[in-house]
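S.K.: Protein chains in written order, with the UniProt record's numbering: chain C, 1 to 326; chain A, 1 to 454. Got a structure for you, written out below as structure tokens; questions coming shortly.
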């Protein structure tokens, strides 16, 4: 056995504990003078470019958006303060309900189709002994394809005419051509399929990295005990991946709640608003009217979405805290 | 331990980095030598010959105006990108907008007031009044300059007509014939016999066109209320529904916008579609249309009071442009867009250059100035016309006999967007309830009109 770590050695005497605690909190030269005389000013100087960049490109737009959510503005002429009117308008918009339902539907389909797939792929790939790097590269390849290029490619696949790639394949099995993007019942699953294809590689790499941390001795022991591959996965792999699974789950929820690219590139929210998501609705508020969009409504809805996601994330971590660390 | 010299050295580098970042965010200052640089719009994705043509025009302009430097910026108006460009301040100094947006942008202070410079143009009082009003402020000042006008047309593919056993010189003259021809093309070739735009507000635009052609309107006479929920609109939607579901004549794409429908038409995948009568130039320069395929006819008109939806393009100047840039911009508009309509030398020179570069000369258009001036213009360019005029005769022979109807004036693009959804619903849901769709659209359109009136 390796040496026990200090935290696992015999408990120290109370005096020793005090000394350690004191040493942890007391630092030489603490206080303004110490700070000025020490590394303080240099740290600030080093931080300045970073603070400036973050301030200009991240924090200022957020502050600006919050302010704009209480204004009526076209970003060219002077803004007008309208209080909560933008929030009221957004909440009264009949399209908001459609967008929320569509977003939830996308999220549900993405959970069913997109969440398990990378896990299954990663677990299977981890079982492969040879050319694992090649499989990883192949799995990751779609991630490096720019989304617009990927969408163009898949538009060929989804061509609703009998000569469309997917329809030709269906034809081999005697199935009639489908209007992948123009059929209100097929369009959302089609978008989720593309989203899964384009994003699964990244998640697979995360799972593969997590799988490396599983001690091989556990698998060896399980094999000695005659465990099948499924029992090994269930009793060894999945418990070790639990923390990562929890994180990827919340990231997936946050990501799908903000789905924009797929409906924007493929359908523009159609047909008949069947793929209008919350983010696309925000985009439409801002940019659909060429006379200058309703930026107040767009930012009001953005802020409401951000608040909902923040509250959801907080609740999620609170509810899963014990589970993730047990 | 680090020495003070080391610390200050590294801190200095960090400060320099910060300064460089700040400098990168600075704005350029205007040159003090009296020269003005303006950015002007050029269609995105032009073929090389078209770009060469444009550059040649810039060279001529700069020679005549040595104090003005012209920089080209790719720009094509679409409702969504225009809004982003406008809000982000990234529009070129000179840009174009559709007639529908002129008055709204002027009222919102989103265009430069160039009326004093426009008034100095020698032909300022000769604009067709119906056309000029699209770019006028409440006080009559001309803030945006009309540079092109069009009436909608029925574009058709002569090759697909022949493949379906139809005579390409005898395009359909009634909407029943359009339906009949569409089915024949679809059955014979497997391509869409008739297609229509449905996305990015174009669905509402083309639906309004058809409603006008069927004798209806989508706005009342004094532009105070929408008339979306009406028999004429329902009749057109039922017509499209029958084409789609009874005849299966509309292919498989029901999410076309202006760019994608042009692409598919030029690629020979569409038999007929409705768009601006002057679309030929775009089809050739941006979508490599084979001219032999092309045919253009007027829209059939039926019903009690039918008409042809007209529209056009205004040239405008960015509100961010300085006074000197505004004046230079009007000089450019005068040179690039208007002189090639009114000044014989420029007209001939422009047409000659375009023809020498295989660019289309003579695509159908409506007069920006009077009929007489238009006739004179056509006589000037006649020797250089290189578009297949015979194939456009079904349009050019009859277009001036059709009563022209202006686009709806209130919340135009917003109502078009509402109607996009209605058209998409009819084309993608066989059981779509047209009456309910129209009732809902009417309610929402009324709210938009009320908002616009505030």
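Cβ coordinates follow ideal geometry from the N, Cα and C atoms, glycine included. In this text the structure is predicted, and so the values were computed from the model without any measurement.
Do residue 258 of chain C and residue 233 of chain C have their CB atoms nearer than 9 Å?
M.R.: Result no, Cβ atoms of residue 258 of chain C and residue 233 of chain C do not sit closer than 9 Å.
S.K.: Spell out the partners DSSP gives residue 114 of chain C in its beta bridges.
M.R.: In DSSP, residue 114 of chain C forms no bridge with anything.
S.K.: With distances taken between CB atoms, is the gap from residue 297 of chain A to residue 194 of chain A smaller than 9 Å?
M.R.: When the beta-carbon positions are compared, residue 297 of chain A and residue 194 of chain A stay at least 9 Å from each other.
S.K.: Judging by CA-CA distance, which residue of A/425, A/422, A/62, A/95 is the nearest neighbour of residue 144 of chain A?
M.R.: A/95
S.K.: Give me the residue from A/233, A/221, A/201 with the minimum Cα distance to residue 214 of chain A.
M.R.: A/233
S.K.: Can you find a CB in chain A that lies within less than 9 Å of the CB of residue 267 of chain C?
M.R.: Yes - at least one Cβ of chain A is within 9 Å of the one on residue 267 of chain C.
S.K.: Run through the DSSP bridge pairs and tell me what residue 81 of chain C is partnered with.
M.R.: Per DSSP, C/71.
S.K.: Per DSSP, what kind of secondary structure is residue 57 of chain C in: helix, strand or coil?
M.R.: helix
S.K.: Buried or exposed: residue 235 of chain C, going by 16 or more other Cβ atoms within 10 Å of its Cβ?
M.R.: Here residue 235 of chain C is exposed. Its C-beta has fewer than 16 other C-beta atoms within 10 Å.
S.K.: Strictly by DSSP, which residues pair up with residue 273 of chain A?
M.R.: DSSP lists A/155 as the beta-bridge partner residues of residue 273 of chain A.
S.K.: Out of A/227, A/330, A/299, point me to the one whose CA is closest to residue 121 of chain A's CA.
M.R.: A/330
S.K.: Name, in chain order, the residues that DSSP records as bridge partners for residue 219 of chain A.
M.R.: A/226
S.K.: At the level of alpha carbons, what is the spacing between residue 314 of chain A and residue 102 of chain C?
M.R.: 38 Å
S.K.: To which residues of the same chain is residue 206 of chain A closer than 7 Å at the C-beta, ignoring the five residues directly before and after it?
M.R.: 196, 197, 274
S.K.: Out of curiosity, what's the CA-to-CA distance linking residue 54 of chain A and residue 45 of chain A?
M.R.: If you draw a straight line from the Cα of residue 54 of chain A to the Cα of residue 45 of chain A, it is about 13 Å long.
S.K.: Assuming residue 127 of chain A and residue 369 of chain A are in contact, meaning their beta carbons sit under 8 Å apart, how far apart are those beta carbons, in whole angstroms?
M.R.: 6 Å
S.K.: Which of helix, strand or coil does DSSP assign to residue 454 of chain A?
M.R.: In this structure, residue 454 of chain A counts as coil in the three-state DSSP scheme.
S.K.: Ignoring anything shorter than 4 residues, give me the alpha helix (DSSP H) runs that lie fully in the region 105 to 176 of chain A, in order along the chain.
M.R.: 115 to 119, 129 to 132, 158 to 163
S.K.: Taking residue 241 of chain C as part of the alpha helix (DSSP H), name the residues at either end of that continuous run.
M.R.: Counting along the chain, the alpha helix (DSSP H) containing residue 241 of chain C begins and ends at 238 to 257.
S.K.: At a Cβ cut of 8 Å, what residues of the region 41 to 75 of chain C count as close to chain A, listed as they run along the chain?
M.R.: 41, 42, 45, 46, 48, 49, 52, 53, 56, 74, 75
S.K.: Helix or strand or just coil, what does DSSP make of residue 94 of chain A?
M.R.: Residue 94 of chain A falls in the strand class under three-state DSSP.
S.K.: Is the distance from the Cβ of residue 302 of chain C to the Cβ of residue 58 of chain C below 9 Å?
M.R.: no
S.K.: Residue 319 of chain A versus chain C: which residues are under 7 Å apart at the beta carbon?
M.R.: 76
S.K.: Shorter than 9 Å from the beta carbon of residue 253 of chain A to some beta carbon of chain C?
M.R.: With respect to chain C, the C-beta atom of residue 253 of chain A has a partner C-beta closer than 9 Å.
S.K.: For residue 297 of chain A, which beta-bridge partners are listed by DSSP?
M.R.: A/154
S.K.: Mind listing which residues of the region 186 to 199 of chain C have their C-beta closer than 7 Å to chain A's C-betas, in chain order?
M.R.: none
S.K.: To the nearest whole angstrom, what separates the beta carbons of residue 391 of chain A and residue 295 of chain A, a pair I think is in contact under 8 Å?
M.R.: 5 Å
S.K.: For the 8 Å Cβ check, are there 3 or more pairs between the region 239 to 256 of chain A and the region 371 to 378 of chain A?
M.R.: no
S.K.: Since residue 36 of chain A is in the beta strand (DSSP E), which residue starts that stretch and which ends it?
M.R.: From DSSP, the beta strand (DSSP E) with residue 36 of chain A extends over 36 to 42.
S.K.: Given that a residue counts as buried once 16 or more other Cβ atoms are within 10 Å of its Cβ, and exposed if not, what is residue 228 of chain C?
M.R.: exposed
S.K.: Would you decide whether residue 254 of chain A is buried or exposed? Buried here means 16 or more other CB atoms lie within 10 Å of its CB.
M.R.: Per the 10 Å Cβ criterion, buried.
S.K.: Rounding to the nearest angstrom, what Cα-Cα distance links residue 156 of chain C and residue 165 of chain C in this structure?
M.R.: For residue 156 of chain C and residue 165 of chain C, the distance between alpha carbons rounds to 7 Å.
S.K.: Could you confirm whether any beta carbon from chain C is found closer than 9 Å to the beta carbon of residue 279 of chain A?
M.R.: no
S.K.: Under the assumption that residue 71 of chain C contacts residue 82 of chain C (Cβ atoms under 8 Å), give the Cβ distance between them as a whole number of angstroms.
M.R.: 6 Å
S.K.: Can you list, in chain order, the residues of its chain with a C-beta nearer than 7 Å to that of residue 56 of chain A? Leave out the 5 residues immediately preceding and following it.
M.R.: 353
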